[in-house]
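One structure is given below, encoded as structure tokens.
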Amino acid sequence: MYITYDYIHSRLQKHSVRVHVPIMGFQEFTGYFLIAFGTPLAIFLRVIMHDPMRIILFVGAAFFYMLSILVAAIIWFILPHFDGMLCFTVFLFVFLQEIIRYLYYQLIRRAQAGLDLVTEGNEGVEGVHPLKHANHMISFVIGMGFGSMAGIIALVNGLADSSGPGTVGLPSALKLSDMHGSHHFFLISSISVAALILLHVMWNVIIFHACDKKATWLAMFAIADHFLVTGISFYNRSNAWAASLSCLYGSLLLFSGLAYAISGGNVKNVRLFIRCIFNPRLRAQNPPDVDQRF
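Mapping of the sequence shown onto my numbering: residues 2 to 295, in sequence order.
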């Protein structure tokens, strides 16, 4: 039996419950939500949800991201001179994000060192994950936690206003924005957040790898891109959406390739993947090799 809106509405009316739900606003909300969070949600359900340890790492990363927000808010509150200095405040927030990311990296590596002692000699212990061989998976899951919370913080107010009824732009919520009355705001924001979440994943994989290998230049490259992407987003205020989104997704493509190479990927596997998409027989002959170590 399919539970539809009409069915729920009729049942509520039967019990004399008066409900007013803006259907058009709900559909708009759902569409923008799936644009921004559809891919991360699919990754969470496919990669993270089945493993309690991954869920803990994911939630921990989201919590650490919120700590960076808290610290930035405290600094902004203590120093009133920052009021109105939007650019400086945003870049300070990005800097704090990277500091918090590094602190979480140190915490995870200390936890891994403790587990290495417990599982010394490659002998598994019941209830303990062999984390010492899963560095890239750990950084991937943590990046998903950072990115998901960043996307929620960035878009939650917009999604709340888009649920209607009859909201065009954000005249009530973003009085400081030059484009608050544009009906493109929700779409551009959703597309940008979708890329931002995945970028956090790639940045995290690269930065954690750089910290492990003592490759300072690689970590600085990823951090510089974080600042660059944040700065480019300010051009949305002048309706330069095409340039902003092009740079955003170009950066995502570049760092996705870099993170893939760092994780052990190669061009041969990419070609095989593309061929398997269009050839079911080849896909059956080359089942995905899932790493079960973590």
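Glycine included, every Cβ here is placed at the ideal spot set by N, Cα and C.
CA-to-CA distance, residue j to residue i, given in whole angstroms
i	j	result
Lys214	Phe89	32 Å
Ile275	His51	27 Å
Pro281	Ile76	56 Å
Arg272	Leu249	25 Å
Arg55	Val142	7 Å
Lys269	Ala74	47 Å
Ile153	Leu80	26 Å
Pro41	Met86	32 Å
Arg102	Ala112	15 Å
Val194	Thr231	12 Å
Ile49	Phe59	8 Å
Span of the alpha helix (DSSP H), counted from its first residue to its last, around residue i
i	result
Ile275	Val268 to Phe279
Lys214	Phe186 to Lys214
Tyr261	Trp242 to Ile263
Phe235	Here Phe235 belongs to no alpha helix (DSSP H), and DSSP marks it neither H nor E.
Test item: CB-CB of residue i and residue j under 9 Å
i	j	result
Ile208	Ile224	yes
Asp205	Gly144	The sequence shown places Asn at residue 205, rather than the Asp named in the question. Yes; because the gap between Cβ atoms is below 9 Å, this pair is in contact.
Leu160	Phe30	yes
Gln107	Ala151	no
Trp253	Met203	The question names Trp, yet the displayed sequence has Leu at residue 253. Yes, they are a contact pair.
Asn136	His210	yes
Ala62	Phe186	no
Phe45	Ser149	yes
Ile233	Ala244	yes
Residue closest to residue i, alpha-carbon to alpha-carbon, out of the options
i	options	result
Phe34	Val48, Ile49, Leu71 and Asn158	Asn158
His227	Ile139, Arg102, Val95 and Ser264	Val95
His201	Ala260, Leu160 and Val91	Ala260
Ala155	Ala37, Phe279 and Gln28	Ala37
Tyr66	Gly39, Phe78, Ile100 and Ile57	Ile100
Met138	Phe279, Gly265 and Cys277	Gly265
What alpha helix (DSSP H) runs, 4 residues minimum, are completely inside the segment 27 to 107?
Complete alpha helix (DSSP H) runs here, min 4: 53 to 79.
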